[in-house]
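Using this note's numbering, the first residue of the sequence shown is number 15, and each one after it goes up by one.
Even glycine gets a Cβ: it sits at the ideal position worked out from N, Cα and C.
Model, not experiment: these values are computed from the prediction.
Input: a single structure, listed below in structure tokens.
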Amino acid sequence: MIEKQFFSEDIPLAKSKIDSVKELLYLAHQSLKDGDYDEIAGLAGSIRNISEDLIRMNNKGLLIKTAEEIQKKHGVRLEVVTRTERTESIEY
């Protein structure tokens, strides 16, 4: 399922982030048992940040997929430029 949601180059990173969230959830569960609500709040913030990263990675995959479809359908040359100023060209 993860292969359909993320760009192929991002799959290992996405899996790593998902594993991190699982670990943080386990720690949050332990903190909840211990009554350490400040720790839970900190863990929740970390989970939110990782979740936002996963959403951005998913959106990147959807953007590239949509660009490929538009290019195939209309014969338009499209390029996706990432924040790191690296260019990913989609050519057919």
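For residue i and residue j, I'd like the C-alpha separation in whole angstroms.
i	j	result
Y106	A81	Residue placement at Y106 is poorly supported in this model, since its pLDDT is 43, which falls under 50; the coordinates still yield a value, given next. One C-alpha to the other measures close to 12 Å.
I54	D33	18 Å
L76	F20	8 Å
Which first and last residues belong to the alpha helix (DSSP H) in which residue i is found?
i	result
S30	25-48
L76	51-88
So, at 7 Å on beta carbons, what are the nonlocal neighbours of residue i in its own chain, with the 5 sequence-adjacent residues on each side left out?
i	result
K46	The sequence given here has Leu at residue 46, not Lys. The answer, listed in chain order, is I54.
Please return the same chain residues whose Cβ sits closer than 6 Å to the Cβ of residue i, not counting the five positions on each side in sequence.
i	result
A42	I54, L57
In this structure, does DSSP put residue i in helix, strand or coil?
i	result
Y106	Residue placement at Y106 is flagged as unreliable, the pLDDT there being 43, under the threshold of 50; the coordinate-derived value follows with that caveat. In the structure shown, Y106 sits in coil (DSSP, three-state: anything other than H, G, I, E or B).
Report yes if the C-beta distance between residue i and residue j is below 8 Å; otherwise report no.
i	j	result
I61	V35	yes
I64	K31	yes
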